[in-house]
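2 protein chains.
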Amino acid sequence: MSTILDIAKLAGVAKSTVSRYLNGGSVGEATKKKIEQAIQETGYSPNPFAQSLKAKKTNIIGTIVPRLDSYASSQTLIGIDEQLKKLNYQMLISNTSQNLEREIESIYSFANQKMAGIILLATEITDQHIQAFESVKIPVLLIGQEHKNFHSLIHDDYDAGYAMGQYVLEKGYRKIAYLGVTERDISVGVKRKQGFKRAIQEVEDCDVRFYETLFNIPAAQASAKEIIHEFKPAIFVCATDNIALGVLKASYSEGITIPRDLAVTGFGGYDVTGIIHPGITTAKFFYKEAGETAARHIVELVNERTVEKITVSKFEIIERESVDNLLKRPL
Amino acid sequence: MSTILDIAKLAGVAKSTVSRYLNGGSVGEATKKKIEQAIQETGYSPNPFAQSLKAKKTNIIGTIVPRLDSYASSQTLIGIDEQLKKLNYQMLISNTSQNLEREIESIYSFANQKMAGIILLATEITDQHIQAFESVKIPVLLIGQEHKNFHSLIHDDYDAGYAMGQYVLEKGYRKIAYLGVTERDISVGVKRKQGFKRAIQEVEDCDVRFYETLFNIPAAQASAKEIIHEFKPAIFVCATDNIALGVLKASYSEGITIPRDLAVTGFGGYDVTGIIHPGITTAKFFYKEAGETAARHIVELVNERTVEKITVSKFEIIERESVDNLLKRPL
DNA sequence: GTTTATTTCGGAACCGGTTCCACTTATTGA
DNA sequence: TCAATAAGTGGAACCGGTTCCGAAATAAAC
Numbered sequence: 001m002s003t004i005l006d007i008a009k010l011a012g013v014a015k016s017t018v019s020r021y022l023n024g025g026s027v028g029e030a031t032k033k034k035i036e037q038a039i040q041e042t043g044y045s046p047n048p049f050a051q052s053l054k055a056k057k058t059n060i061i062g063t064i065v066p067r068l069d070s071y072a073s074s075q076t077l078i079g080i081d082e083q084l085k086k087l088n089y090q091m092l093i094s095n096t097s098q099n100l101e102r103e104i105e106s107i108y109s110f111a112n113q114k115m116a117g118i119i120l121l122a123t124e125i126t127d128q129h130i131q132a133f134e135s136v137k138i139p140v141l142l143i144g145q146e147h148k149n150f151h152s153l154i155h156d157d158y159d160a161g162y163a164m165g166q167y168v169l170e171k172g173y174r175k176i177a178y179l180g181v182t183e184r185d186i187s188v189g190v191k192r193k194q195g196f197k198r199a200i201q202e203v204e205d206c207d208v209r210f211y212e213t214l215f216n217i218p219a220a221q222a223s224a225k226e227i228i229h230e231f232k233p234a235i236f237v238c239a240t241d242n243i244a245l246g247v248l249k250a251s252y253s254e255g256i257t258i259p260r261d262l263a264v265t266g267f268g269g270y271d272v273t274g275i276i277h278p279g280i281t282t283a284k285f286f287y288k289e290a291g292e293t294a295a296r297h298i299v300e301l302v303n304e305r306t307v308e309k310i311t312v313s314k315f316e317i318i319e320r321e322s323v324d325n326l327l328k329r330p331l
Numbered sequence: 332m333s334t335i336l337d338i339a340k341l342a343g344v345a346k347s348t349v350s351r352y353l354n355g356g357s358v359g360e361a362t363k364k365k366i367e368q369a370i371q372e373t374g375y376s377p378n379p380f381a382q383s384l385k386a387k388k389t390n391i392i393g394t395i396v397p398r399l400d401s402y403a404s405s406q407t408l409i410g411i412d413e414q415l416k417k418l419n420y421q422m423l424i425s426n427t428s429q430n431l432e433r434e435i436e437s438i439y440s441f442a443n444q445k446m447a448g449i450i451l452l453a454t455e456i457t458d459q460h461i462q463a464f465e466s467v468k469i470p471v472l473l474i475g476q477e478h479k480n481f482h483s484l485i486h487d488d489y490d491a492g493y494a495m496g497q498y499v500l501e502k503g504y505r506k507i508a509y510l511g512v513t514e515r516d517i518s519v520g521v522k523r524k525q526g527f528k529r530a531i532q533e534v535e536d537c538d539v540r541f542y543e544t545l546f547n548i549p550a551a552q553a554s555a556k557e558i559i560h561e562f563k564p565a566i567f568v569c570a571t572d573n574i575a576l577g578v579l580k581a582s583y584s585e586g587i588t589i590p591r592d593l594a595v596t597g598f599g600g601y602d603v604t605g606i607i608h609p610g611i612t613t614a615k616f617f618y619k620e621a622g623e624t625a626a627r628h629i630v631e632l633v634n635e636r637t638v639e640k641i642t643v644s645k646f647e648i649i650e651r652e653s654v655d656n657l658l659k660r661p662l
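Chains as they are written, first to last, in my numbering: chain A, 1 to 331; chain B, 332 to 662.
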């Protein structure tokens, strides 16, 4: 591997001149040619460590992700990655396997490695997060959750909840089980439910019950089975697509046909909801686009430009077979 | 951020002594204490760039992955990541979005960044790959494909194909459509098919036709639709779970019931095959475990220890509802 | 009580870049 | 034509570590 000194010697100039050439300083035409040729010959490319050592900064954005094996995560990562590449930045992923401790460790570790900025695919913001972010003094961007101290990019959970509520009501459903998650997750556990509630409040005579379950499919399936027997809802409005999948499994095992005997909706727009049969009606979020926006924003922040504190990413209701139109059913 | 010089001053010693302390050289008890305290006070941690600059090497394993949004990829990455963490290495992911050019670029880029080793989740090994790997002189490990020049970790595609063939025959199927992929992918396109063929050769009177499609669901769906009309197979043996999902979609849209009118099998063991209804019978590979083994192996190679050239990861046939037992059907 | 071997430690060079500063040369203006 | 200004270049210091080497201090050997 050749160094800048090799190039300098080959071109017959000082290494400071080569450096200036590389970084766009003033260099004469003749020397430019010589340096260019030397670089061609050797295939030289600067040692990034030496650069970062001097610059005290890298062009890497550390991205903390709670899990790699989720549709939302991977789509978001893809968006971030592609956009960062275009902006000449790199993405470094830290997978925390849903361990909040590791998120904190990753923050400090990223700081130690002089990351230019940090993106956190957030599920929950604790005091430790706040403390860590404030002590490292690196630009931070949250995706998926908002917090007054930090810039963030969120999905339009409230409006999606509202739209989903309206959709369900329009289709004629009135006996509704809302299967949500913990309220520690503001976006998924609180916002979606609040939006949904507002839609419900606009009609009368509605029998809605709110339940809480976990994010994984088996837990959702167990909860659903219980609710089916106890409440006998006409529809499950689930806070995530995975929960909706759990409901689907429960209804198969109970011999209930969807959408004839029971309807289901989700949130997320995961690929799988369109692959299976019946397809699940869901509020699709644009994860990849959100990732792209996040990448653009963190780079802006790194370069000390201003960015809106909160950016809201859009959604879209996708209608599939898991919800019937009760009003058009033959009596 | 404090430097090694700050620590040296605080402890009243030379920075070489601090460095020796950090790297386990000979340091007196008294000075040890002083340095320890200075480090405690400042929360010092060495600048990794300065270290790498001198060492000309990092403890990072570059991992090249063709796509992030696939079950196999993310499971493998999780396995690699977890194991590398335990071995005090880091993983850096480069997503190439199924672009072979980018794989080559990533190889050179990793070399430039002085990665300790490279893991490639391979789909196809071209001459350019070989040239790149040989010129960078960094330990390399292939996952998913084998090549005589490199160490590799592969899934037991041939045996899985054979086992799947036996399974299908045992269930009484004789009119079979094998829906495979391009033979440029040795593991998926060649090995699985070969194993399957061997099983077929062991029986007589078998009407098997081999087809080729792409890896994505819509393409598989289109192919399946055509084959259904043209050949009317009793079962589709698909080279991947995604292709099996395509067949499922095609049969829904054609009004064919699975497994009553048509059976389907896949390869991979993707989560989704167990979530949907009917579940798909598949040959499950152990991606996460494979990733863990890969991580162990690349670290061995980095440390110049010997590793078997080819390691074969196991599989398991998972029986689900998508295949019926024809022999037990009431006539 | 020397001599020799061992341990501990500081100084300096080095890794491969960037940047400041001073010097030379060319250009411009009066 | 000469001073003032700008452009181009080299030298040296610096970023924050590691490592080699030799000196000093301590321990062991005789």
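Backbone N, C-alpha and C fix where the C-beta goes; we use that ideal spot for every residue, glycine too. Computed from a prediction, not measured in an experiment: that's the story for all the values here.
DSSP places V603/B inside the alpha helix (DSSP H), whose first and last residues are 603-606. If you draw a straight line from the Cα of T123/A to the Cα of A555/B, it comes to about 40 Å.
Per DSSP, F285/A lies in no alpha helix (DSSP H); the unbroken beta strand (DSSP E) holding it starts and ends at 281-285. At a cut-off of 9 Å between beta carbons, Q166/A makes no contact with chain B. Under the Cβ criterion (8 Å, minimum of three pairs), the region 69-87 of chain A does not count as touching the region 33-49 of chain A. Those residues of the region 268-281 of chain A placed with their C-beta closer than 7 Å to a C-beta in chain B are V272, I275, I276, H277, ordered along the chain. Between the region 55-65 of chain A and the region 94-111 of chain A, the count of C-beta pairs closer than 8 Å reaches three or more; the two stretches touch. Put simply, the CB of N149/A is far from chain B, with every gap to its CB atoms at 9 Å or more. By the Cβ rule, the region 189-200 of chain A does not count as touching the region 343-356 of chain B, because fewer than three pairs are nearer than 8 Å. A distance below 7 Å between beta-carbons, with the five flanking residues on each side excluded, links I649/B to the following residues of its chain, in chain order: G600, T612, T613, K615. Secondary structure note for K365/B: it is in no beta strand (DSSP E), and the uninterrupted alpha helix (DSSP H) holding it is 360-373. Contacts between Y583/B and chain A, judged by CB atoms closer than 7 Å, involve H277 in chain order. Around the C-beta of S376/B, fewer than 16 other C-beta atoms lie within 10 Å, and the residue is accordingly described as exposed. Nearest CB-CB separation between A594/B and chain A: not below the 9 Å threshold.
Under the DSSP assignment, Q421/B falls in the beta strand (DSSP E) whose first and last residues are 421-426. Cβ proximity to chain B below 8 Å picks out L245, L248, K249, Y252 from the region 223-255 of chain A.
Rounded to the nearest whole angstrom, the CA to CA distance from Y178/A to Y211/A is 6 Å.
Looking from the CA of G410/B, the closest CA among K528/B, I474/B, T362/B belongs to I474/B. Per the C-alpha coordinates, the member of L658/B, K619/B, Q532/B, G520/B positioned closest to F546/B is G520/B. Taking a C-beta distance under 9 Å as the contact criterion, G597/B and A565/B do not qualify as a contact pair.
Nearest to H229/A by alpha-carbon distance, out of C238/A, S253/A, T240/A, is S253/A. Any Cβ of chain B closer than 9 Å to the Cβ of K114/A would place that residue at the interface, and such an atom is present.
Going by C-alpha positions, K288/A is about 35 Å away from E465/B. For I275/A, the closest of T457/B, P661/B, E434/B, G577/B by C-alpha to C-alpha distance is G577/B. Cβ-Cβ distances below 8 Å link N419/B to N390 in the same chain, with the five nearest sequence neighbours on each side left out; the list follows chain order. Contacts between N426/B and chain A, judged by CB atoms closer than 7 Å, involve I78, D81 in chain order. Residue state for A570/B is assigned as coil, using DSSP reduced to three classes.
Sequence-distant Cβ neighbours of P609/B in its own chain, meaning closer than 6 Å and more than five residues away, are I589, E652, S653. According to the DSSP assignment, F646/B belongs to the beta strand (DSSP E) that extends over 646-649. Nearest CB-CB separation between A294/A and chain B: not below the 9 Å threshold. Contact between the region 155-164 of chain A and the region 89-105 of chain A is not established, with fewer than three Cβ pairs separated by less than 8 Å.
Closest by C-alpha distance to L415/B, out of A551/B, L384/B, I629/B, is I629/B. In this model, V181/A and S187/A are separated by some 10 Å (Cα to Cα). When DSSP states are grouped into helix, strand and coil, E585/B belongs to the coil group. In terms of CA proximity to Q459/B, E436/B leads the group K388/B, E436/B, I469/B. Per DSSP, the unbroken beta strand (DSSP E) holding G268/A starts and ends at 263-268.
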